[in-house]
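Letter by letter, the sequence shown follows residues 4 to 241 in this note's numbering. Scroll down for the structure; my scribbles are underneath it.
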Amino acid sequence: MSKPAYKRILLKLSGEVLMGCQQFGIDPEFVAELAREVKAAKDTGLEICLVIGGGNIFRGMAGAAKGMDRAQADYMGMLATVMNALAMQNALEQIGVHTRVQSAVQMDQVCEPVIRRRAERHLEKGRVVIFAAGVGAPYFTTDSGAALRAAEMQCDALLKGTSVDGIYDSDPKTNPQAKRYDTVDYDTVLADNLKVMDASAVALCRDNQIPIVVFSIREKGNLARVLAGEGTQTIVQK
Ligand code: UDP
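Here it is, written out as structure tokens:
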């Protein structure tokens, strides 16, 4: 794998990618596959922060839609992200990658709290830092958590690994003429309501000039290709 252009990245994976081919939950084989991709990237000397969503287990909005109190449902969603973080930690450590999980909701027996200076030290020592529980507050998503940690940790880019290979001007599933952007600016994403990340996450990246790289993590080896500037992707920038 060739040397990537970035020195430090934040990789955001939606919870759904941990399901593999399942309909729900965590597929350990697929998580192991993702861990190998992360290791390959790390082995090039890249510093990696990870944020993993929780949608494969629970989303607050879905709970609220069924009559739950929204904040209560969001707390459950945040706990789901911690489960995913632990699954990824396990998979990474099984292949010799040192990691720390830092959760925005404190749970001392399970992982560390989010402490930026400590996270810095982990990265310096070559550990992957997995940030769990988003921003630690309801009514937010892990996209916002990812943007916040990318800014806080001064990452060169936020890479969003999803099931699609970039951002389209309309839904490619329903419109065969849909066009994929190579690059697009933050304001177009916000004005046209392009489905990349939620608006608060995009605005935070815009205000801190953090490029957002959207790519498909489902294709094997794609993280490496994207880091080498070769894979199919869309870059959101100024
Ligand atoms: N969540 C939250 N605050 C945060 C991050 C996440 O309340 O800062 C909750 C929210 O209910 C969300 C769920 O955790 O639906 C799972 O996160 P997300 O939907 O971002 O996961 P993804 O779609 O990336 O799998």
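Where a beta carbon is used, it is the ideal one built from N, C-alpha and C, also for glycine.
(request) Mind checking who Asp-188 pairs with in its DSSP beta bridge? (result) Gln-240
(message) Counting C-beta neighbours from all protein chains within 10 Å, is the total for Asn-196 16 or more, i.e. buried, or is it exposed?
(response) exposed
(request) Report the residue ranges of all beta strand (DSSP E) runs contained in full by the segment 23-88; include only those spanning at least 3 residues, in chain order. (result) 50-55
(request) Output the distance between the C-alpha atoms of Ala-206 and Asn-93, rounded to the nearest integer angstrom. (result) 33 angstroms
(message) For the ligand UDP, is there any heavy atom lying closer than 7 angstroms to the beta carbon of Glu-19?
(response) yes
(request) Buried or exposed for Ala-65, please, with buried defined as at least 16 other CB atoms from any protein chain shown within 10 angstroms of its CB. (result) exposed
(message) By alpha-carbon positions, which one of Met-86, Pro-214, Arg-11 ends up nearest to Gly-58?
(response) Met-86
(message) Whole angstroms are fine: how far does the CA of Phe-134 sit from the CA of Leu-49?
(response) 17 angstroms
(request) Could you please give the first and the last residue of the uninterrupted beta strand (DSSP E) stretch that includes Ala-107? (result) Taken as a continuous stretch (DSSP letters only), Ala-107 belongs to no beta strand (DSSP E), as it is neither H nor E.
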